[in-house]
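Undergrad: Below you will find the structure I want to go over with you.
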Amino acid sequence: MAVETQTPLKRIYVENIGQHDGQTVTLHGWLYNKRSSGKLHFLQLRDGTGIIQCVVFKGDVAPEVFEAADKVSQESSIQVTGMVKADTRSKLGFELGVTDFKVLGESVDYPISPKEHGVAFLMDHRHLWLRSARQNAIIRIRAEIIRAVRNYFDQNGFTLVDAPIFTPNACEGTTNLFETDYFDEKAYLTQSGQLYMEAAAAAFGKAYCFGPTFRAEKSKTRRHLTEFWMVEPEVAFMDLYEDMDLAEDFVCFIVQQVLQNRRAELEVLERDISKLEAIRKPFPRITYDEAIALIRKHGPEEEHKNFPWGEDFGGDEETIISSQFDRPVFIHHYPAEIKPFYMKPDAENPKYALNVDMIAPEGYGEVIGGGQREDDLEVLVSKIQQHGLPMEAFNWYLDVRKYGSFPHAGFGLGIERTVSWICGLHHVRETIPFPRLMDRLSP
Numbered sequence: 037m038a039v040e041t042q043t044p045l046k047r048i049y050v051e052n053i054g055q056h057d058g059q060t061v062t063l064h065g066w067l068y069n070k071r072s073s074g075k076l077h078f079l080q081l082r083d084g085t086g087i088i089q090c091v092v093f094k095g096d097v098a099p100e101v102f103e104a105a106d107k108v109s110q111e112s113s114i115q116v117t118g119m120v121k122a123d124t125r126s127k128l129g130f131e132l133g134v135t136d137f138k139v140l141g142e143s144v145d146y147p148i149s150p151k152e153h154g155v156a157f158l159m160d161h162r163h164l165w166l167r168s169a170r171q172n173a174i175i176r177i178r179a180e181i182i183r184a185v186r187n188y189f190d191q192n193g194f195t196l197v198d199a200p201i202f203t204p205n206a207c208e209g210t211t212n213l214f215e216t217d218y219f220d221e222k223a224y225l226t227q228s229g230q231l232y233m234e235a236a237a238a239a240f241g242k243a244y245c246f247g248p249t250f251r252a253e254k255s256k257t258r259r260h261l262t263e264f265w266m267v268e269p270e271v272a273f274m275d276l277y278e279d280m281d282l283a284e285d286f287v288c289f290i291v292q293q294v295l296q297n298r299r300a301e302l303e304v305l306e307r308d309i310s311k312l313e314a315i316r317k318p319f320p321r322i323t324y325d326e327a328i329a330l331i332r333k334h335g336p337e338e339e340h341k342n343f344p345w346g347e348d349f350g351g352d353e354e355t356i357i358s359s360q361f362d363r364p365v366f367i368h369h370y371p372a373e374i375k376p377f378y379m380k381p382d383a384e385n386p387k388y389a390l391n392v393d394m395i396a397p398e399g400y401g402e403v404i405g406g407g408q409r410e411d412d413l414e415v416l417v418s419k420i421q422q423h424g425l426p427m428e429a430f431n432w433y434l435d436v437r438k439y440g441s442f443p444h445a446g447f448g449l450g451i452e453r454t455v456s457w458i459c460g461l462h463h464v465r466e467t468i469p470f471p472r473l474m475d476r477l478s479p
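The sequence shown lines up with residues 37 to 479 when you count with the numbering used here.
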């Protein structure tokens with residue numbers, strides 16, 4: 037017996053309105069803005085995919101429809117029926133000549149008006165601020181970046197391996213971790229899935245994890261969040277220089293995907309597209325020592341002229357370095373003493389680590405950190421002891437070396453800093469739908 041199937045109703049969205057030129061359609065959405073001129077109401081309908089102007093002419097609709105269009109308030113949910121007409125004055129290229137209009141859900145005293153609002157006010161109303169054109173564009177670009185991340189690794193033979201969010205140990209000590217009670221045991225919210233990806237690399241050769249990470253740093257800079265998303269690939273039998281090759285190719289792919297698929301959103305943000313079009317291989321590669329020389333030569337302050345060897349770089353130093361290049365720059369071979377216990381020293385000069393950071397151009401700071409991992413069991417045990425970390429928490433991690441150790445490398449890319457750079461944003465708080473900061477846990 038044949039089973040009868042029903043074709044689902046295909047709703048029409050603003051982003052596809054060009055496919056219906058000359059047709060009468062019904063759209064659903066919210067009133068983004070409105071202006072009136074005598075016998076005309078110009079309603080801007082947004083449906084999440086775009087904004088279209090709907091023209092209500094008094095002579096084309098019933099009196100009660102024209103009155104309803106006159107009284108409708110900002111962000112009321114509405115249903116609009118009309119004919120799609122080409123209009124070269126519109127950025128969309130089309131407008132709607134309205135024949136019918138209904139208010140589905142009234143919005144009373146919507147708090148975010150077209151006037152200017154302070155950042156604190158907007159963050160308190162983040163759940164509503166997301167409806168604005170600018171925030172919509174940012175989150176769409178974020179989604180495109182995430183899509184590109186997954187596509188790149190999925191298309192290049194990597195296996196997605198989910199790392200746990202509750203962990204018994206820390207990658208770099210516990211001072212910047214959120215501690216929680218785990219059935220009478222001490223646990224932490226993860227700051228990285230890297231250690232687990234090292235085990236995954238031994239199982240799958242090429243693995244990556246992608247998920248939320250947490251840092252309890254008491255930092256209020258424009259580059260820091262307490263909760264953010266990170267993607268971390270790890271590859272067996274890969275060295276530091278191959279690691280840089282992978283990171284370079286990966287970032288170029290992301291940027292090209294955004295340029296190809298989200299150019300309209302970049303225009304909404306008034307992003308200088310030429311800055312992104314310059315992101316092509318190869319990226320410059322400099323050592324830590326060469327980076328120190330750049331800081332001392334180009335730093336504007338006296339403290340930069342005498343920047344001490346052996347210190348890590350902060351935001352100011354990263355900005356000085358990046359200002360010398362038109363694309364991301366790799367900085368590799370930092371002093372081993374300032375790097376985590378799992379970073380492998382350079383055999384030719386052990387005072388340097390086989391690590392690398394990628395610094396984004398235009399002063400956006402570090403977007404990638406990684407390097408080659410220590411694969412010698414005895415050396416790793418010694419380093420865990422030197423860092424004062426609990427050996428029992430790392431027994432499983434040491435097994436990766438105990439049972440068939442192998443050279444391997446990887447990195448972590450922070451999604452929010454990448455979004456901030458590609459969108460050209462001043463503060464990272466706009467890069468994630470609901471940011472978590474030192475002073476913000478709501479909405």
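No residue lacks a Cβ here, since even glycine has one placed at the ideal position from N, Cα and C.
Please read these numbers as outputs of a predicted model, since none were measured by experiment.
(1) DSSP state of phenylalanine 250, grouped into three classes?
(2) Give a yes or no on contact between the stretch 211–227 and the stretch 432–439, applying the rule of three or more CB pairs nearer than 8 Å.
(3) Buried or exposed: aspartate 325, going by 16 or more other Cβ atoms within 10 Å of its Cβ?
(4) Return the Cβ separation of leucine 67 and glutamate 131 in integer angstroms, given the expectation that the two are a contact with Cβ distance under 8 Å.
(5) Restricting to Cα atoms, I'd like to know which of His163, Ile53, Ala314, Leu140 is closest to isoleucine 148.
(6) Within the continuous beta strand (DSSP E) that includes alanine 223, where are the two ends?
(7) Can you tell me where the alpha helix (DSSP H) with phenylalanine 377 in it begins and where it stops?
(8) Quick one: give me the first and last residue of the beta strand (DSSP E) that asparagine 385 is part of.
(9) Spell out the partners DSSP gives asparagine 297 in its beta bridges.
(10) In the structure shown, what three-state DSSP assignment does isoleucine 114 receive?
(11) Please state if the CB of methionine 280 and the CB of phenylalanine 366 are separated by a distance shorter than 7 Å.
(12) Could you tell me which residues DSSP pairs with tryptophan 66 in its beta bridges?
(13) Enumerate in chain order the residues of its own chain whose CB-to-CB distance from threonine 48 is below 8 Å, with the five nearest sequence positions on each side excluded.
(14) Where DSSP assigns a beta bridge to phenylalanine 240, which residues make up the other side?
(15) Give me the Cα-Cα distance between glutamine 296 and serine 126, rounded to the nearest whole angstrom.
(16) Considering just the uninterrupted stretch of the alpha helix (DSSP H) at glutamate 326, what are its terminal residues?
(17) For valine 185 and valine 50, what's the separation of their Cα atoms in angstroms?
(18) My assumption, with CB atoms under 8 Å, is that proline 426 sits in contact with leucine 261. Please give the rounded CB distance.
(19) When we look at the beta-carbon of valine 197 and count the other beta-carbons within 10 Å, is it buried (16 or more) or exposed?
(20) Can you grab the Cα-Cα spacing for the pair leucine 213 / leucine 473, in whole Å?
(21) Rounded to whole angstroms, what is the Cα-Cα separation between histidine 463 and isoleucine 309?
(22) Considering only residues of the same chain and omitting the five flanking positions on each side of glutamine 292, which have a CB-CB separation below 7 Å?
(23) So, helix, strand or coil for valine 304, using DSSP?
(24) Apply the 10 Å Cβ neighbour rule to isoleucine 374 and answer buried if 16 or more other Cβ atoms are within range, or exposed otherwise.
(25) Count the other CB atoms, across all protein chains shown, that sit within 10 Å of the CB of arginine 363; report buried if there are 16 or more and exposed otherwise.
(26) Note down, in chain order, each residue of its chain lying with its Cβ closer than 7 Å to the Cβ of glycine 450, except the 5 sequence neighbours on either side.
(27) Which first and last residues belong to the alpha helix (DSSP H) in which threonine 355 is found?
(28) Measure the C-alpha to C-alpha separation of leucine 276 and lysine 380 and round it to an integer number of angstroms.
(29) What does the alpha-carbon distance come out to for the pair lysine 121 and glutamate 270?
(30) Should tryptophan 457 be labelled buried (16 or more other beta-carbon atoms within 10 Å of its own) or exposed?
(31) Look up serine 73 in the DSSP assignment and give the residues it is bridged to.
(32) Which residue from Gln422, Thr249, Ala239, His369 puts its Cα closest to that of threonine 226?
TA: Reading from the atomic positions:
(1) strand
(2) no
(3) exposed
(4) Not confirmed; about 15 Å, so no contact.
(5) His163
(6) 221–225
(7) No alpha helix (DSSP H) holds phenylalanine 377; DSSP gives it neither H nor E.
(8) 385–389
(9) Answer is none; asparagine 297 lacks a bridge partner.
(10) strand
(11) yes
(12) Arg82, Ser113
(13) As written in the sequence, residue 48 is isoleucine, which differs from the threonine given in the question. Excluding residues within five positions, the ones whose Cβ falls inside 8 Å are His56, Val61, Thr62, Leu63.
(14) BP columns for phenylalanine 240 are empty, so no partner.
(15) 22 Å
(16) 324–334
(17) 27 Å
(18) Actually they are not in contact, since the Cβ atoms of proline 426 and leucine 261 sit about 28 Å apart, beyond 8 Å.
(19) buried
(20) 14 Å
(21) 19 Å
(22) none
(23) helix
(24) exposed
(25) buried
(26) Phe264, Met266, Val403
(27) 351–358
(28) 10 Å
(29) 52 Å
(30) buried
(31) Leu76
(32) Thr249
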